[in-house]
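Taking the working numbering, the leading residue of the sequence shown gets 920, the next gets one more, and so forth.
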Amino acid sequence: MWETDNKFLNGPFTPWHEETDAFDLEVIGKIPEDLDGALFRTGSNPKFKPRNTDRYHWFEGDGMVYATYLRDGKAAYRNKWVMTDALKVEMEAGEAIYSGFVNGGTAPSLPAGAPPMKNVPNTNVGVLADRLLVFFEGGLPHQMNPQSLETYGTYDFNGDVPFTCTAHYKLDPDTGNMLFYSYMGNNITWYEADRHGKVLDTFAFSTSAPSMFHDFAVSKNYAIFFVTPGLFLAPNIGQGKPGLVWDPAATNNGVEIVTMHRTTHEVRTYRVDETFFPTHFFNAYERGNEIVIEAPRIKERFGTPADRITRPVDSHEWFMNAIPWRWTVNTDTGRVTNQATSHIAGEFPAINPNKVGLEHKFGYFATTRGRDADTMSDGLAKTDLTKETVTVIEGLDDLTNPSEPIFVPRTGAVNEDDGYLLSIWWNRQTELSELCIYDTAEFGRTPLARVKLPGRVPFGFHGSWSDREQIEDSLRVLASEHAN
Ligand SMILES: [Fe+2]
């Protein structure tokens, strides 16, 4: 699209600029009738050529939401830009105005009245707080209509979440409450909100280093954060230096596992004497006096090493492989043990949402075995943690580079793995995307349905499934809010 070797602007990452409405999509196979709702995805999709294409990073593109609506075995599709104030400024100018925050580069030069930093709602999306929220951890989420995908500005939980909000909320399976946090520098603020966005609990505490707290884990009683050498150094950005820096000295060559009790707010710290970066968490749960936490783990580095700050890591080398891992914290002795849960490299972990905070038997992820230079992922895996087996499937025909898998329980399911796994794959031949729906209990290479999307969903980050009822409730609330 733009003349560059940057991996994040080519192949499955290539931006897609057309906003589309399409109905009755071509389907190979059969969409299960109990999938009645929508899969929402967001991802990084730069509208204008980045100011510095060499330093452009995957985390920095504009947000576009891609919705695939399923009902009565049929599929419809809509995709739209998230219309942020910063994107409007760039559209007015007809070019990129903002610079990147990951690798640094050209110092920003902003017109009067422009937001000081670009909010890129490219990270996660879900129907929460009676609206479709699209997240970016460096700012507030944007709110959209889950049907029309019209943007209604940012959302601050009735003023209770003033500045930033993680993209990695969790939903408490008992209450449906949203568990989340914001972070700035060394400070984390925890929040719990009900289904309508009313904040029920908040607590602020400090950590020993300004790590990038991209994701966290929750167990029944704890919110869990990892303080790692993967730092987010906001002051660097205005100076054109990389904002994501790998600096083991900042955490004394270790990692701290910080737990915050969800009721008493007691904060405790457990030290691990080695460095690593957990990319995203599968889950956490408690077993007697132990807290068990699982996440894919990068051993080497995440970000530009502090000792070579003027030479950011190239896009082809930026991500090192992550291996699914487990840490077990003994809350009596403070001792932490750890081990791999699979030897297959992968990212974008998922579990049955009814198991959040509880012991899970199955985990799912996109494999990153590195078979093709232009792709990031190359298969989907199901781990059975009781049997210690992993099943990996690859794409049919020309399908590769699957997105984060999303598990949707089957209606009336009893077993944990009775459901569907939804993932959007890139078709190398058509350069368009396809939604594949797999039976998770009978996990195999041929999906139940292969839905041909009318466009490409550039390889992005996260998303979620919403049932029709949730979407309709949200539409009723938004209709009353926007009646005048
Ligand atoms: Fe993420």
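Glycine included, C-beta positions come from ideal geometry on N, C-alpha and C.
Going by DSSP, M1103 is part of the beta strand (DSSP E) stretching over M1097 to M1103. For E1400, the three-state secondary structure derived from DSSP is helix. Contiguous beta strand (DSSP E) elements confined to the stretch 1099-1160 occur at 1106-1112, 1118-1125, 1141-1146 and 1149-1151, taking only those with 3 or more residues. For F1378, the Cβ stays outside the 7 Å cut-off from all heavy atoms of ligand 1.
Restricted to the stretch 1002-1090, the alpha helix (DSSP H) segments that are unbroken, complete and at least 4 residues in length are 1004-1012, listed in chain order. The way I'd put it, the stretch 1297-1304 does touch the stretch 1270-1283; three or more beta-carbon pairs between them come closer than 8 Å. Between D1004 and P1034, the C-beta spacing is below 8 Å. CA-to-CA, the gap between W1244 and R1220 works out to about 16 Å. With respect to the 8 Å criterion, A1136 and A1086 are not classified as neighbours on the basis of their beta carbons. H976 has its Cβ no nearer than 7 Å to any heavy atom of ligand 1. With a threshold of 7 Å, the Cβ atom of A1259 does not count as near ligand 1, since no heavy atom of the ligand is closer than that.
Ligand 1 never approaches D1120 closely enough for any of its heavy atoms to be under 7 Å from the residue's Cβ. By the criterion of a C-beta distance shorter than 6 Å, S1234 is surrounded in its chain by N925, K926 and F927, once the five residues flanking it on both sides are discounted. Unbroken beta strand (DSSP E) stretches of 3 residues or longer found wholly inside the stretch 1202-1250: 1202-1206, 1209-1217 and 1241-1249, given in chain order. Of the residues assessed, D1192 falls on the exposed side of the cut-off, its CB having fewer than 16 other CB atoms within 10 angstroms. Bounds of the beta strand (DSSP E) holding I1312 are T1308 to I1312.
Distance check between K1160 and each of K1218, F1124, S1018 and E1069 places S1018 closest, using alpha-carbon atoms only. Rounded to the nearest angstrom, the Cβ distance from A1360 to D1337 is 5 Å, consistent with a contact under 8 Å. Take S1125, set aside five residues on each side of it, and the residues of its chain with a beta-carbon closer than 6 Å to its own are N1105 and N1106, in chain order. For the options G1157, L1051, N1043 and R1187, the alpha carbon positioned closest to that of A1026 is the one of G1157.
Excluding sequence positions up to five before and after G1298, its CB lies within less than 8 Å of the CB of A1285, T1286, R1288, V1311, I1312, E1313, G1314 and P1321, all in the same chain and listed in chain order. The beta carbon of F1362 is closer than 6 Å to those of K1301 and T1310 in its chain, skipping five residues each way along the sequence. Take the alpha-carbon of F1201 and the one of S1261: they are about 13 Å apart. If you check the C-beta of A1086 against ligand 1, you find a heavy atom less than 7 Å away. In this structure, T961 has its CB at a distance of at least 7 Å from all heavy atoms of ligand 1. D940: member of the beta strand (DSSP E) spanning T939 to A941, first to last residue.
Here the alpha carbons of N1334 and P1129 stand approximately 41 Å from one another. Listed as beta-bridge partners of S1261 by DSSP are no residues whatsoever. Beta-bridge partners assigned by DSSP to R990: K993. With a cut-off of 8 Å on Cβ pairs, the stretch 984-998 is in contact with the stretch 950-959, counting three or more such pairs. Excluding the 5 residues flanking it on each side, F959 has same chain C-beta neighbours closer than 7 Å at V984, A986, V1044, G1045, L1051, G1382, S1383 and S1385, in chain order.
The residue among V1186, G962, A941 and T1147 with its C-alpha nearest the C-alpha of Y1141 is V1186.
Exclusion of the five residues before and after E1111 leaves N1096, L1098, L1119 and D1120 as the residues of its chain whose Cβ lies within less than 6 Å of its Cβ. In this model, F1267 and G1013 are separated by some 34 Å (Cα to Cα). Ranked by how close their Cα comes to the Cα of P1060, the residues G982, A995, T1108 and A1015 have G982 in first place.
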